[in-house]
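>
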Amino acid sequence: MLKRIINKIRREYRRMTTPPRHKLATNPDYWFNRCYAGGDASVVQIGSNDGKTGDPLHALLLCQPKWEALFVEPIPYIFAKLKANYPQESRFRFANVAINDGSRMPFYYVTGAAKEAYPELPYWYDQLGSFNRDHLTTHLDGKLTPFVETMEVEGITLPGLLHQTTVTSIDILHIDCEGYDWKVLSQLDLKKYRPGLILFEFHHLSDEELMAAKGFLANHYRIYRLGIDYLAFSLKLDEQLLAEADQKLKRVKLEFPNE
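One gets our numbering by counting positions in the sequence shown from 1 and adding 20 to each.
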């Protein structure tokens, strides 16, 4: 009983002393909030998963009524969770497709049977999905390999999706596609769209893809490392904000040593 009370006190202490995510500069939430809180913002999120678990945008989107968002998630059962995690408001739109070359493609995902075999699996195990099977089998020392299955998903190009959904501007672009991030980012028309902030995962990218992504953004963005993600700031953003980012974050060198 005493141990349970002590643990409860510890949890409450951590809750009271840990700042909200959007108040920590090492979280992307901080910068999304810093740039666009209180104003209008157009968000495009590719690879939304369930839209809530570990998501840097969910809480902000719910408390910023002027923000609108397009969520993209290819796996049907996760897409259903995604829609359930947001209110049915016209400012939120959803696309159950994958961003690729526009063709139907095999998509790999982890089944719920994995949790039955390994109850200690992390919460995000069933949110893993990729066009590349290897990106799933390398997780968790290969434990997931017997539980990786495939389905065919509808594909569309990024320009095609933005045209189809009449997205005319993007303020925040978030890409989380398990190793497919550069292939999605490379389809962004920087002449037509110049997001203020671009967040994408880099740790599954090859050296060549990493170099290409940096080169793609180099003339228009400053890039900073946040854990396994890169957060790119448009050079058109306020100079004071860019100076704050330089002070608080680790800037990525644009020449190509290994990170």
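For glycine and all other residues, C-beta sits at the position ideal for the given N, C-alpha and C.
Report the rounded CA-to-CA distance for Lys135 versus Leu141, giving the unit in angstroms.
Their backbone Cα atoms lie some 6 Å apart in a straight line.
> Using the Cα positions of Pro85 and Gly162, report the straight-line distance between them to the nearest angstrom.
Rounded to the nearest angstrom, the two C-alpha atoms are 42 Å apart.
> Can you tell me whether Leu246 is helix, strand or coil according to DSSP?
Reduced to three states, the DSSP call for Leu246 is strand.
> With a threshold of 8 Å, are at least 3 pairs of Cβ atoms found where one atom belongs to the region 263 to 272 and the other to the region 44 to 57?
Output reads yes: the region 44 to 57 touches the region 263 to 272.
> The beta strand (DSSP E) with Val272 in it runs from where to where?
Premise fails: Val272 is in no beta strand (DSSP E) and is neither H nor E.
> Closer than 6 Å by C-beta to Leu148: which residues in its own chain qualify, once you throw out the five before and the five after it? Chain order, please.
The residues are Val130 and Leu156.
> Which residue's Cα is closest to the Cα of Ile195: Tyr56, Leu82, Gly58 and Glu93?
Nearest C-alpha to Ile195: Glu93.
> Would you tell me roughly how many angstroms separate the C-alpha atoms of Lys268 and Tyr244, rounded to the nearest one?
Using only the alpha carbons, I get a separation of about 10 Å.
> Could you have a look at Glu228 and say whether DSSP puts it in helix, strand or coil?
Three-state result, Glu228: helix.
> Could you say which of Lys72, Asp209 and Phe151 lies nearest to Tyr143 if we only look at CA atoms?
Out of Lys72, Asp209 and Phe151, Lys72 has the C-alpha closest to the C-alpha of Tyr143.
> Enumerate, from N- to C-terminal direction, the unbroken beta strand (DSSP E) stretches of 3 or more residues contained entirely within the region 161 to 236.
Entirely contained in the region 161 to 236, the beta strand (DSSP E) runs reaching 3 residues are, in chain order, 168 to 173, 192 to 195 and 217 to 221.
> Exposed or buried, what is Ser206 when buried is set at 16 or more other beta-carbons lying within 10 Å of its beta-carbon?
Exposed, since its Cβ has fewer than 16 Cβ neighbours within 10 Å.
> Based on the DSSP secondary-structure assignment, which residues constitute the bridge partners of Ala118?
DSSP lists Gly175 as partners of Ala118.
> Do Leu230 and Pro215 come within 7 Å of each other at the CB atom, strictly closer than that value?
No.
> Looking only at C-alpha atoms, which of Leu160, Asp191 and Tyr128 sits nearest to Val173?
Among Leu160, Asp191 and Tyr128, the Cα nearest to that of Val173 is on Tyr128.
> Alpha helix (DSSP H) containing Leu82: first to last residue?
Taken as a continuous stretch (DSSP letters only), the alpha helix (DSSP H) holding Leu82 covers His78 to Cys83.
> Identify every residue that forms a DSSP beta bridge with Phe253.
DSSP output for Phe253 lists Leu217 and Arg242 as bridge partner(s).
> Could you give the first and the last residue of the continuous alpha helix (DSSP H) run that contains Glu136?
From DSSP, the alpha helix (DSSP H) with Glu136 extends over Ala133 to Ala137.
> Does DSSP put Phe151 in a helix, in a strand, or in coil?
Note: Phe151 maps to coil in three-state DSSP.
> From what residue to what residue does the beta strand (DSSP E) around Leu90 run?
It spans Trp87 to Val92 - the beta strand (DSSP E) in which Leu90 sits, taken as one unbroken run.
> Would you tell me roughly how many angstroms separate the C-alpha atoms of Tyr106 and Phe253, rounded to the nearest one?
Approximately 27 Å, taken between the alpha carbons.
> Pick from Trp87, Gln65 and Leu225: whose alpha carbon is nearest that of Val117?
For Val117, the nearest C-alpha among the options comes from Gln65.
> Leaving aside the five residues before and after Glu32 along the sequence, list all residues of the same chain whose C-beta is less than 7 Å from its C-beta, in chain order.
Low local confidence applies: a pLDDT of 45 at Glu32 is under 50, so the model's placement there is unreliable, with the coordinate-based value given in what follows. Excluding positions up to five away in sequence, the list is empty.
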